[in-house]
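Following this note's numbering, the numbering of the sequence shown begins with -10 at its first residue and continues without gaps.
Glycine residues also receive a C-beta, built at the ideal position from the N, C-alpha and C atoms.
Data first, discussion second: the structure below is written as structure tokens.
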Amino acid sequence: MSQYHYLVAGFPDISLDDNKLQLTYTAFIEELLRSFSGRDADLLRLFRLDYDNENLLSWINNKEAEFHPLGLISPEDLKEQMELLDYDERAPLKGIPPYFLTFLREWKSEQLEAGKEKKRLTELYYDYVGQAPNKFVREWFEFELNMNNILTALNCRKYRLPVAGQIIGNNAIAESLKISTVRDFNVSELFSEMDSLLAIADEENLLEREKMIDRLKWDYLDEHSVHYYFSVEVLLVFLIKLKSLERWLSLDPKSGEESFRSLVNSLRTSVRMPADAHIK
-10 MSQYHYLVAG FPDISLDDNK LQLTYTAFIE ELLRSFSGRD ADLLRLFRLD YDNENLLSWI
50 NNKEAEFHPL GLISPEDLKE QMELLDYDER APLKGIPPYF LTFLREWKSE QLEAGKEKKR
110 LTELYYDYVG QAPNKFVREW FEFELNMNNI LTALNCRKYR LPVAGQIIGN NAIAESLKIS
170 TVRDFNVSEL FSEMDSLLAI ADEENLLERE KMIDRLKWDY LDEHSVHYYF SVEVLLVFLI
230 KLKSLERWLS LDPKSGEESF RSLVNSLRTS VRMPADAHIK
């Protein structure tokens, strides 16, 4: 495995409480692209697929949509791939992950339920990154998936929305979230941070709640990267932290409130709300 002594040694110290960046997320990705090759470059790509997912969802609704610059798949790539969908023997075009083909075939054949496109693509994405050839990366994406599912379930419960249809995947935690009615959804033994998430769900200050979520992520990353020193894992940890920090520096109380309202509204539109259900 490659070692990156000079990159790690040059890290600036970063904290969630920082009020300015010494290094941007985009600049750091560009530095990694210059340094990575082979398997390490493939791992970095997994952390950019969320931008490609975002671009794909925009593209199926508007072929002229502007793409996020950190995505690696172009509109031309998607157009060409769509034209090849009828040829089942064809592998994905170079640079296009296999789960894109699955999604595009389902979308083209109208198998996807309206309004569920993002959920389906997210399911396929986590299935794909969950097979990464790197233990740390697999475990990080599993942690992220489980945490997001639990927070979604807690939000659904708080606003009296059905839970099952909002949960991504079918691992043990996902299945328990879909059916359990007890306070911790019977997942405390499977997810050691469950008590922290319950406390986060009770936090009324929306921005503080978001920051608590990111602190939990940072704590996880620190704990699970302690035995890595100058390897690709350390660089990926820094990349994840830098992304969250950059997001925080772009937020203000109004945008934080709007982001949370948008989340709840997206849950509402995917189910039939009871007449008396409302956000307080």
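Exercise. Is the region 149 to 169 close to the region 50 to 70, with three or more CB pairs under 8 Å?
Worked result: Contact fails: fewer than three Cβ-Cβ distances are below 8 Å.
For this session: Classify aspartate 23 as helix, strand or coil using the three-state DSSP reduction.
Result: Contrary to the premise, residue 23 reads as arginine rather than aspartate in this sequence. Of the three classes helix, strand and coil, the one that applies to arginine 23 here is helix, per DSSP.
Exercise. Looking at the structure shown, is tyrosine 209 part of a helix, part of a strand, or coil, going by DSSP?
Worked result: Collapsing the DSSP output to three states places tyrosine 209 in a helix.
Problem set entry | Cβ pair count under 8 Å reaching 3, the region 35 to 51 against the region 8 to 16 | Output reads no: the region 8 to 16 does not touch the region 35 to 51.
For this session: Could you pull out every residue in the same chain whose Cβ sits closer than 6 Å to the Cβ of proline 263, ignoring the five residues on either side in sequence?
Result: Interpretation of proline 263 is limited by its pLDDT of 37, a score under 50 that renders its predicted location unreliable; no figure is taken from the coordinates.
Exercise. Quick one: is glutamate 102 buried, meaning 16 or more other Cβ sit within 10 Å of its Cβ, or exposed?
Worked result: It is exposed - the Cβ of glutamate 102 has fewer than 16 other Cβ atoms within 10 Å.
Problem set entry | Per-residue burial, valine 215 [other beta carbons within 10 Å of its own, 16 or more giving buried] | A residue is called buried when at least 16 other Cβ atoms come within 10 angstroms of its Cβ; valine 215 does not meet this threshold and is exposed.
For this session: With DSSP as the reference, label isoleucine 162 as helix, strand or coil.
Result: Correct three-state label for isoleucine 162: helix.
For this session: Below 8 Å CB to CB, which residues in the same chain sit around serine 139 once its five sequence neighbours on both sides are set aside?
Result: One detail in the question is off: residue 139 reads as isoleucine in this sequence, not serine. Once the five neighbours on either side are set aside, the close Cβ partners of isoleucine 139 are Ile162, Leu166, Phe174, Val176, Phe180, Met183 and Leu186.
For this session: Look at glutamine 100 and isoleucine 85 and say whether their C-beta atoms are less than 7 Å apart.
Result: Taking the C-beta atoms as reference points, isoleucine 85 is found no nearer than 7 Å to glutamine 100.
For this session: Pull up the CB-CB distance for leucine 150 and alanine 190, whole angstroms please, since I reckon it's below 8 Å.
Result: Wrong, their Cβ atoms sit about 14 Å apart, outside the cutoff.
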